[in-house]
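In my numbering, the protein residues as written are 1 to 804.
Quick reminder that beta carbons are idealized off the backbone N, C-alpha and C, glycines included.
The block underneath contains the structure these notes are about, expressed in C-alpha cells.
Pasting the structure below:
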C-alpha cells in the first residue's frame, strides 16, 4: 500500500469497513436470536461440543471465509477481523473458529502450495471442514520450538511417533496440522516440519475432554503414524516460522474475543450495581464501587488499543510482529483477568455459580489468558524481540513515530515540519527542553519558542482555523504530534493556549475574543489558572474567593493556591464566589484578570525537587471590571466544567508519543549503569522486566491517544474517554520516574539544582545521565494531584462516562 497515500488507503479502508460492518451486523443478529446462554450450555453438553447448524450459518454469513484470500473462496478481509472475534466474545461462542480459521487456514495460506490452498481453503470458507492444529507438548509449556514428536522419512512417507497435548477441536476436526521434528535433537526451531494428518489415520489415538471454558480438546498419541510425503505442509524443516505467525494471528483473535467478553462483563456488572440494593441503597452509590467500575472501563480501553496496535503490526517484520503481539497478549490477559475478577467480586456469591453467565465469561477469559502463552512467557518474548532496539530516547521514538503509508503530499508536509525543527531548535532551546521537570520548560525559553512557532504559523495548531489554527487533516495532526515528540522542543506554558483560549472561544464576547486570542497566539499574554484554594482543591465547588459587586466592577478578597507559573503570568483566569446558596456550584463566576491589578500579591511555593513552579496568589480589594467576566454571573461553573475537559484530556496530543521518549531515556540510563556485577543494568533480568512492563503499558496508552488525536476535531473539547486515558497515563509517568530514580542508585542523592538550570553549564556531580532522575521522580509525584486527584476524576467519570 505504500506510495498510494493515507488518503487512498483510508478510502479503501472505509469500503472494507462497510463490508465488515454489514458482516458483523448480520452475525450479531444471528447470535442474539440463536445463541442464548441456555443454547450455549446445551451445545457444550452435546456429544459434538458444537452446533452444526451454527457452523453452517457462520459459513453462509461469510464469517468463516472472511479472513481467507478471495482467490481461494474467501472474502480477503485480512488475517484477523477483531469485530467478528468481539462478537464471538460477547456471545461466548464455542464453535472451533480459532483452530479452523485463525490457525489452520492461516498455516495453509502461509506455508501451503497453491495446490494445497485450492484443495483445502475453499472447504473451510464454505463450512465443509473443521481443523485442529497440534503444536503443544507436555513439558514444553508455551515454547513452539520445543518439539519432540518425531517425524522420520521412510521412502515416500513420514512416520510420526510421540505425543501432542491439549489440541483444541481435535475431536471435532477431520484433519489436524501437526508440528514434528525432522532433524534429530536440535531444539533451536530449525528442523520443525508441519504435516496434515487425517484424524482417522492408523496409529493415531486421542483422549478427548471438555475444557473448563466450554471448548473441547484432546491429547494425541502417534504410534508409527504413516503420513504420505505430499501431506507435508511447506518445506521440510521450515515449519517454525509459519507456525509462529499463525499463533500470533490466533493470539490477536482471542485477545479481540476477550474485548467482547470484557465489554459484556462491564455492562452486566454496571447494571447489577445499579439494581442490587445493599444497606438500603444501590451498590453503585458506594464510591469504592464506582471507582472499580471506572477502572474496569479503563482496562477495556487499554486492551482495545493495544489489540488494534498488534493487529496493525501483523504485516510487519517478524521481530516487530512478535514484540507487538506479545505486548498485546501480556496486557490484554492482565486487564481482562482484572475485569473478570472484579465482575465476579461485584456480583457477590452469584458470581461464583455456574447458573450465572458471569462465571462463564470469567472462565473463558481465564482460558484466553493462558492460551498461546501466559503473561510471563510473553513478557520474556517481548524483551527478547526488543533487544535489538537501539538504546536512547530518539531511538525509542524512531519506530513508533515513523508513520506508514504517507502520500507524497503528506511526506512533503512531514519533511517541512522536520526542517522547521532543524532550523529553529537551537542548542540552548534543546537544553532547556531536556531540563524540563514538570510539564513546562523554563519560562524564558518557552516564551522564545512560542514566538518562533507563531512567526512560522504554528502558534496553536489545534485551534480552529478561524482563530489562527492550522487547516490540517487528521493525518497531518498526527504527523505534527509525532515530529513534536521526535524533536522535543521546549514545552510552552499552556494555560492560555490549552485552557483559557477554548473557553474564550466558546463563552467570550466578540470583544473578548478579538482582544485576548491574538495575544495568546502571539505569545504576548501568559495566563495562570486560579482554580484551587487552600480549602478547595479537588472539591473545587467549595471555593471561597469572594467577589462583591460594586457598580461596573467586582471587588475580590481571598486567595488562590497551586497557581503554576503565576510569577511569570500577566493574566489569570479565576473562579470566584459571587453568591451563596444550598448548591455551591450555582454561585460561581469566571473572571479574566490582569496580574498587575493593585491588590494582587504572589508568594512562591517551592516543590519537592526545590523548584519554584507553584505559587499562592492573594487578592486584597482587587477591582476587576465586569467586562472581564466570561459567561454569565453565577454561571461560572459551566465555563469551569468546560475548561476541565481540556485539563483532564488536552495533553493527549503531546503525551501520545512522550511516553516513548521517557522510556527511551530510562533505557539509556540503564544501558550506562552497571548491575553491580560488571554487566549492564539494562540486561538485568529483574530490571529489564520492569522496563518491559512499562513499555507495554506505554504502547497501549500511546496507541489509544493516537486514536483520540485523529478522532477529535481541531478545537473540539476532549471527551470523557480522554480523561479515562489520562488517569492511566499520569500513573504511568510516575512509574517511569521511579524506574529512572532506581537506575541511578546513589547518584540520585546529590542536590544539583544549578547543574540542571538552563544556561548555567555547571558540571554535575557524578555521571551526567544521573542528573535528572531524582528531580524528575520528585516532581512527578504531583502528576496525579494536579488538575484534580484521580479519585475525584473517577467520581466524575462514574457520573458522566458510566452515567451513575
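Item: Neighbourhood of residue 597 by C-beta, 8 angstroms cutoff - its chain only, sequence neighbours within 5 removed; Value: 622, 623, 624
Item: First through last residue of the beta strand (DSSP E) which encompasses residue 621; Value: 612 to 625
Item: Coarse secondary structure for residue 638, derived from DSSP in three states; Value: helix
Item: Span separating the alpha-carbon of residue 691 from that of residue 739; Value: 8 angstroms
Item: When 210, 146, 24 are compared against residue 48, the one with the closest alpha-carbon; Value: 210
Item: Inter-residue spacing [alpha-carbon to alpha-carbon] between residue 754 and residue 724; Value: 37 angstroms
Item: First and last residue of the uninterrupted alpha helix (DSSP H) at residue 164; Value: It is not in any alpha helix (DSSP H) - residue 164 instead sits in the beta strand (DSSP E) that spans 157 to 168.
Item: DSSP state of residue 367 mapped onto helix, strand, coil; Value: helix
Item: Where the alpha helix (DSSP H) through residue 564 begins and ends; Value: That residue, residue 564, is in no alpha helix (DSSP H); it is neither H nor E in DSSP.
Item: Cut-off 7 angstroms between Cβ atoms - residues of its own chain near residue 669, not counting five sequence neighbours on either side; Value: 740, 743, 744, 769, 773
Item: Contact under 7 angstroms by Cβ, residue 170 with residue 160; Value: no
Item: Exposed unless 16 or more other CB atoms sit within 10 angstroms - verdict on residue 358; Value: buried
Item: Simplified DSSP assignment, three categories, for residue 601; Value: strand
Item: Buried or exposed (CB count within 10 angstroms, at least 16 for buried), residue 502; Value: buried
Item: Presumed contact (8 angstroms Cβ cut-off) between residue 615 and residue 594, rounded CB distance; Value: Not quite, the Cβ-Cβ distance comes to about 16 angstroms (not below 8 angstroms), so this is no contact.
Item: Touch test, the segment 435 to 449 against the segment 486 to 502, Cβ-Cβ under 8 angstroms, three pairs minimum; Value: yes
Item: Outcome for residue 721 when other beta-carbon atoms lying within 10 angstroms are tallied against a minimum of 16; Value: buried
Item: Beta strand (DSSP E) segments (min. 3 residues) lying fully within the segment 97 to 179; Value: 131 to 134, 150 to 154, 157 to 168
Item: Proximal residues to residue 301 (C-beta, below 7 angstroms), its chain only, five neighbours per side dropped; Value: 704, 721, 724, 725
Item: Residue 700 classed as buried or exposed, judged by whether at least 16 other C-beta atoms fall within 10 angstroms; Value: buried
Item: Backbone secondary structure at residue 752 - three-state DSSP; Value: coil
Item: Top-ranked residue by Cα proximity to residue 428, from 46, 757, 749, 82; Value: 757
Item: When 278, 284, 136 are compared against residue 243, the one with the closest alpha-carbon; Value: 136
Item: Inter-residue CB distance, residue 545 and residue 574 (contact presumed, cutoff 8 angstroms); Value: 7 angstroms
Item: The segment 60 to 67 in contact with the segment 121 to 137 per 3-pair CB rule at 8 angstroms; Value: yes
Item: Validate contact between the segment 478 to 487 and the segment 576 to 593 using beta carbons, cut 8 angstroms, 3 pairs; Value: no
Item: Cα-Cα separation between residue 795 and residue 631, rounded to whole angstroms; Value: 26 angstroms
Item: Option in 555, 535, 541 with minimal Cα separation from residue 561; Value: 535
Item: Distance between beta carbons of residue 149 and residue 181, contact taken as under 8 angstroms; Value: 7 angstroms
Item: Backbone secondary structure at residue 769 - three-state DSSP; Value: helix
Item: Under the three-state DSSP convention, the category residue 235 falls into; Value: coil
Item: Reduced DSSP category for residue 68 - H, G, I as helix; E, B as strand; rest coil; Value: coil
Item: Option in 41, 733, 800 with minimal Cα separation from residue 785; Value: 733
Item: Beta-ladder partner(s) of residue 39, from DSSP; Value: Paired residues: none, contrary to the question.
Item: For residue 93, the three-state DSSP class (helix, strand or coil); Value: coil
Item: Sub-7 angstroms separation of residue 144 and residue 195 beta-carbons; Value: no
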